[in-house]
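In structure tokens, the structure reads:
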């Protein structure tokens, strides 16, 4: 289970705006209209992390590819630090004005664009460091 109070402390140290939305969920504002969530699913003894109102999510610690056969595993404090430093960036897939998905990716990952459909766009951005 995620220690939401420790995550809140890390956010405060990194100057990332956050709030305990419920006793089981913390919301972190990474950018205007970009809310990242860590949540504990008490009834299932499980966790998830992901962006509010998007399909992409993960459970437990997050593993991100850094090359064709390499990856890094991030626990919550490491992940938030990597986001703040720009090592982990935010990818958004859209079709016209409609956002379809949003996820985290490592800055060194090779993005696979072969399945990008007609009219779809992929944007990648890093948050401004607040340190």
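Numbering (this note's numbering), first residue to last: 2 to 132.
Positions of the beta carbon are idealized from the N, C-alpha and C atoms, including for glycine.
What residue from the options has the CA that sits closest to residue i's CA?
i: residue 128; options: 23, 89 and 104; result: 89
i: residue 43; options: 99, 15 and 2; result: 2
i: residue 119; options: 95, 113, 106 and 24; result: 95
i: residue 26; options: 39, 98 and 68; result: 39
i: residue 80; options: 91, 115, 93 and 63; result: 63
i: residue 23; options: 5, 60 and 92; result: 5
i: residue 34; options: 47, 59 and 93; result: 93
i: residue 136; options: 123, 99, 71 and 46; result: Because the chain spans 2 through 132 in this model, residue 136 falls outside it and cannot be assessed.
Taking C-beta to C-beta, are residue i and residue j nearer than 8 Å?
i: residue 52; j: residue 103; result: yes
i: residue 65; j: residue 75; result: yes
i: residue 111; j: residue 69; result: yes
Assuming residue i contacts residue j (C-beta within less than 8 Å), just tell me the rounded distance between them.
i: residue 82; j: residue 109; result: Their Cβ separation, rounded to whole angstroms, is 16 Å, which puts residue 82 and residue 109 out of contact at 8 Å.
From the DSSP output, in three-state form, read off residue i for me.
i: residue 84; result: helix
i: residue 30; result: strand
Report buried or exposed for residue i, applying the criterion of at least 16 other Cβ atoms within 10 angstroms of its Cβ.
i: residue 125; result: exposed
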